[in-house]
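Number 172 marks the last residue of the sequence shown (the working numbering); no jumps.
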Amino acid sequence: MGHDLAELIKHEPPMRLIDELCSAEEGKGQCCLVVNSDNLFYSEQHQGLPAHVGIELMAQTIAAVAGYQSKAAGGEIKLGFLLGSRKYQCDIDSFKLGERYDIFVEELHVESSGLSVFECDIRHNGKIVAQARLNVYQPPDETAFIEENYG
22 MGHDLAELIK
32 HEPPMRLIDE
42 LCSAEEGKGQ
52 CCLVVNSDNL
62 FYSEQHQGLP
72 AHVGIELMAQ
82 TIAAVAGYQS
92 KAAGGEIKLG
102 FLLGSRKYQC
112 DIDSFKLGER
122 YDIFVEELHV
132 ESSGLSVFEC
142 DIRHNGKIVA
152 QARLNVYQPP
162 DETAFIEENY
172 G
């Protein structure tokens, strides 16, 4: 798709873990990454990223898709929060060094309050290796939310 992730999500290196937005449409999309040793969560012991990092890969993919949709509608990228995950299952011990992983997200439920639920999975060579449902929150008024909660 050729979009700079710096224009789509608020995460900056070294916290930006995904490499590219591969596709996006209303309520769903795909990002990818190739694991390298410069990744903040790279573990020599695992020779890659520990399995639990998959939740953050999913969350950042949700953010990239939301950012793309907002920009496409003429808006700005917005702040979002990962509230939690349900049924995170990862069938591998780690996301291995040098390997490409594709992260897919699809919005299942959205409320006017800003709460959403996404079905997510991570694939390696077309095979699902991790999956979860993520609960996220995007405040309708970012400035008011920050002032009220972090004043």
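All residues carry an ideal CB built from backbone N, CA and C; glycine is no exception. The model shown is predicted, which means the values in this text are computed figures rather than measured ones.
Quiz item: With C-beta atoms as the reference, is Phe166 less than 8 angstroms away from Arg154?
Solution: Their beta carbons are not under 8 angstroms apart, which means Phe166 does not touch Arg154 by this criterion.
Quiz item: Any idea which residues DSSP pairs Asn156 with across the strands?
Solution: DSSP lists Gly105 and Val138 as partners of Asn156.
Practice problem: Return yes when the Cβ of Ala87 is within less than 8 angstroms of the Cβ of Thr159, no when it is not. | Solution: At residue 159 the sequence reads Gln, which differs from the Thr that was named. Between Gln159 and Ala87, the C-beta spacing is below 8 angstroms.
Exercise. Let me know if Gly69 comes out buried or exposed under the rule of 16 or more other beta-carbons within 10 Å of its beta-carbon.
Key: Using a 10 angstroms sphere on the CB of Gly69, the tally of other CB atoms reaches 16 or more, which defines it as buried.
Self-check item: According to DSSP, residues forming a beta bridge with Asp123
Solution: Partner(s): Cys53 and Arg144.
Practice problem: For the beta strand (DSSP E) containing Phe116, list its first residue and its last residue. | Solution: That run of the beta strand (DSSP E) goes Ser115 to Lys117.
Quiz prompt | With 16 other Cβ atoms within 10 Å as the buried cut-off, status of Ala72 | solution = Result: buried.
Quiz item: Excluding sequence positions up to five away, which residues of its chain have a Cβ less than 7 angstroms from the Cβ of Lys31?
Solution: The residues are Ile98 and Leu100.
Quiz prompt | As assigned by DSSP and simplified to three states, the class of Ala94 | solution = In the structure shown, Ala94 sits in coil (DSSP, three-state: anything other than H, G, I, E or B).
Exercise. Please go through the same chain and pick out, in chain order, the residues whose beta-carbon is closer than 6 angstroms to the beta-carbon of Glu127, but skip the five residues on each side of it.
Key: For Glu127, where only same-chain residues beyond five positions count, the Cβ hits under 6 angstroms are Lys49 and Glu140.
Quiz prompt | DSSP-derived helix/strand/coil call for Ile149 | solution = Three-state DSSP puts Ile149 in a strand.
Self-check item: Rounded separation between Asp114 and Cys43 - CA only
Solution: Going by C-alpha positions, Asp114 is about 25 angstroms away from Cys43.
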